[in-house]
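Participant: Input: one structure, supplied below.
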Amino acid sequence: MRWLAALLLLSLTTPSHADTLRIASFNTELSRDGPGLLFRDIERGDDPYINAVVQTIASAHPDVLALQGIDWDYEGRALNALQNQLQKHGAYYPYFLALQPNSGLASGLDLDGNNQFAEPRDSQGYGTFTGQDGIAVLSRLPIDHALVQDFSSLLWRDLPGALLPQHPDRTPFPSAQAQAAQRLSNTGHWVVPLALPNGERLNLLTFQAGPPLFDGPEDRNGRRNHDEIRLWQLLLNGDLGPAPESPLVIAGGANLDPDRGDGRREAIRSLLADPRLQDPRPSSTEADINTVQWKNAGRMRVDYVSPSADLKVLDAGVVWPPVSGQAGVASSRHHLVWVDIALDQS
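Take a look at the structure:
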């Protein structure tokens, strides 16, 4: 049970002082094959995979948690069930945000160009049902819902400088009609204002980009992944309306490693090098700065927590249980990434 000892040690060393804030991102990969199944499985309380995810979150003890890979439902039952399980393990999150994602949202069009309709890739974001593989935020800090910004409905073609795919004859891929309806976000892009104890506000920018794979020579998914990441810099520039104020933290899944694997890596490299942000390079003893273990591609860094440059980073890490840990093996291929920041910046 070395994995449990490691997680308990992390829990014991988690900052509990009012002047420290731990922000984390975790792709739980809890998504199921049909609506309502995740709620059912969490409620039962006997799924070892779900229990491992709950234990990981509770032990890491973040104050603010950006979640990926959790199915959305209209009444929020699955997320509420997860909150209840976390509370049983001492991790209480009274505030949450779960907006409807693009994943599984039917478009009524052939969006992937295979002349078929109503397939998972024809949804605004890949999914077999509405809300599959969504994102959410759990927080110990109050969320100002009135000021939340949701860019999920932004059309890809409306992004300045969009790298839209084309046929060899330079006509829109798969069609002009599809590009007139295709949203940029595979899942969602949110700006979530959090109320700090000192009365100030921290903006959490969260997302889950689609993979830059599983397409053809038009590189539709690679281009979209690139632009999903680039959205944040355009937002900070003020190119998509008023820029969110600092302090802020980008926390979520880019599905792109800056150095390895397929994809247009310049997108994540540019974001990590942006002088308005800082890259604390969270790491673990087991896997250095990597955050995921793919079956064929191996370890990569694809999950990120990047605070604005005006924030003071105290510590950072990746929760990577030892290989021998049964729960570590049974849990998500992704690993929880966390960053501790000082609330008192003096």
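Letter by letter, the sequence shown follows residues -18 to -1, 1 to 328 in mature numbering (1 follows the signal peptide of the UniProt record, and there is no 0).
By construction, the Cβ of each residue, glycine as well, lies at the ideal position given by its N, Cα and C atoms.
#1: Would arginine 246 be called buried (16 or more neighbouring beta carbons within 10 Å of its own) or exposed?
#2: Are the segment 126 to 138 and the segment 248 to 258 touching, with three or more C-beta to C-beta distances below 8 Å?
#3: Please report the distance separating the alpha-carbon of alanine 160 from that of leucine 79.
#4: Cutting at 6 Å between CB atoms, please list the residues of its own chain near arginine 202, excluding the five before and the five after it.
#5: Aspartate 140 by DSSP, collapsed to three states: which one?
#6: Does chain B have any CB closer than 8 Å to the CB of glycine 90?
#7: In this structure, does DSSP put glycine 307 in helix, strand or coil?
#8: If you run the structure through DSSP and keep just helix, strand and coil, what is aspartate 56?
#9: Just verifying my parser: in three-state terms, what is the DSSP assignment at arginine 165?
#10: What residue ranges within the segment 224 to 296 form continuous alpha helix (DSSP H) runs of no fewer than 4 residues, ordered along the chain?
#11: In three-state DSSP terms, what is glutamine 69?
#12: Since tyrosine 31 sits in a beta bridge, which residues does DSSP pair it with?
#13: Terminal residues of the continuous alpha helix (DSSP H) containing glutamine 215?
#14: Excluding the five sequence neighbours on either side, which residues of its own chain have a C-beta within less than 6 Å of the C-beta of valine 319, listed in chain order?
#15: Please determine, among Gln260, Asp292, Asp239, the residue with the shortest C-alpha to C-alpha distance to alanine 279.
#16: Beta-carbon within less than 8 Å of glutamine 65's beta-carbon, same chain only, minus the 5 sequence neighbours each way: which residues are those?
#17: For proline 124, which option in Gln164, Val321, Val231, Pro175 has the closest C-alpha, if you only look at C-alpha atoms?
#18: What do you reckon, are the CB atoms on glycine 116 and aspartate 53 nearer than 8 Å?
#19: Only counting the same chain, and skipping five residues up and downstream in sequence, which positions put a Cβ closer than 8 Å to that of histidine 127?
#20: Within the chosen definition, does the segment 43 to 52 reach the segment 84 to 96 through at least 3 CB pairs nearer than 8 Å?
#21: Determine the contact status of aspartate 297 and aspartate 322, defining contact as a CB-CB distance below 8 Å.
#22: Can you tell me where the alpha helix (DSSP H) holding phenylalanine 21 begins and where it ends?
#23: If you run the structure through DSSP and keep just helix, strand and coil, what is threonine 2?
#24: Is the CB-CB distance between valine 35 and serine 314 below 8 Å?
#25: Smallest Cα separation from arginine 59: which of Asp256, Arg258, Ala118, Ala291?
#26: Given a threshold of 16 other Cβ atoms within 10 Å of its Cβ, counted over all protein chains shown, does arginine 152 qualify as buried or as exposed?
#27: For glutamine 131, which residues in the same chain have their Cβ closer than 6 Å to its Cβ, ignoring the five residues on either side in sequence?
#28: Who are aspartate 322's beta bridge partners in DSSP?
Facilitator: Concretely, from the data shown:
#1: Counting from 1 along the sequence shown, the entry for residue 246 is found at position 264. Buried is the call here.
#2: no
#3: Residue numbering aside, residue 160 sits at position 178 when the sequence shown is read from its first letter. Residue numbering aside, residue 79 sits at position 97 when the sequence shown is read from its first letter. Near 30 Å, if we compare the C-alpha coordinates of leucine 79 and alanine 160.
#4: Start at 1 with the first residue of the sequence shown, and residue 202 comes out as number 220. Cβ neighbours of arginine 202 beyond the five flanking positions: Pro147.
#5: For the purposes of this step, residue 140 is identified with residue 158 of the sequence shown, where counting begins at 1. Note: aspartate 140 maps to helix in three-state DSSP.
#6: No chain B appears in the structure shown, which is made up of a single protein chain.
#7: For the purposes of this step, residue 307 is taken as the residue at position 325 of the sequence shown. With a pLDDT of only 49 at glycine 307, under 50, the local geometry of the prediction cannot be trusted, and no value is derived from it.
#8: On the sequence shown, residue 56 is found 74 positions in, with the first residue counted as 1. According to the sequence provided, residue 56 is tyrosine. The question's aspartate does not apply to it. Coil.
#9: Mapped onto the sequence shown, residue 165 falls at position 183. Residue state, collapsed to three classes: strand.
#10: 248 to 255
#11: If you number the sequence shown from 1, residue 69 lands on position 87. Helix.
#12: In the sequence shown, residue 31 corresponds to position 49, counting from 1. Bridge partners of tyrosine 31: none, in fact.
#13: Stepping through the sequence shown from its first residue, residue 215 is reached at position 233. Counting along the chain, the alpha helix (DSSP H) containing glutamine 215 begins and ends at 202 to 219.
#14: The residue given as residue 319 occupies position 337 in the sequence shown. Taken in chain order, the residues that qualify are Ser7, Pro264, Thr273, Asp285, Val287, Val300.
#15: Here the question's residue 279 lines up with position 297 in the sequence shown. For the residues Gln260, Asp292, Asp239, the minimum Cα distance to alanine 279 belongs to Asp239.
#16: Counting from one through the sequence shown, the residue named residue 65 turns up at place 83. Once the five neighbours on either side are set aside, the close Cβ partners of glutamine 65 are Tyr75, Phe78, Leu120.
#17: In the sequence shown, the residue the question calls residue 124 occupies position 142. Among Gln164, Val321, Val231, Pro175, the Cα nearest to that of proline 124 is on Pro175.
#18: Position 134 of the sequence shown holds residue 116. Position 71 of the sequence shown holds residue 53. Taking 8 Å as the Cβ cut-off, glycine 116 and aspartate 53 qualify as a contacting pair.
#19: Position 145 of the sequence shown, counted from the start, is the residue given in the question as residue 127. So the qualifying residues of the chain are Leu79.
#20: no
#21: Looking up residue 297 in the sequence shown gives position 315. Looking up residue 322 in the sequence shown gives position 340. Going by C-beta atoms, aspartate 297 is nearer than 8 Å to aspartate 322.
#22: Taking the first residue of the sequence shown as position 1, residue 21 is located at position 39. Unbroken alpha helix (DSSP H) run through phenylalanine 21: 19 to 26.
#23: Within the sequence shown, numbered from 1, the residue matching residue 2 stands at position 20. Strand at threonine 2.
#24: Translated into positions along the sequence shown, residue 35 becomes position 53. Translated into positions along the sequence shown, residue 314 becomes position 332. Contact: yes.
#25: Here residue 59 refers to the residue found at position 77 when the sequence shown is read from its first residue. Ranking the options by Cα distance to arginine 59, first place goes to Ala118.
#26: Sequence index remark: in the sequence shown, residue 152 carries index 170 (1-based). Answer is exposed; the Cβ neighbour count stays below 16.
#27: Locating residue 131 in the sequence shown gives position 149, counting from the first residue. Within the same chain, glutamine 131 has close Cβ partners Val173.
#28: For the purposes of this step, residue 322 is taken as the residue at position 340 of the sequence shown. In DSSP, aspartate 322 forms a bridge with Arg4, Asp297.
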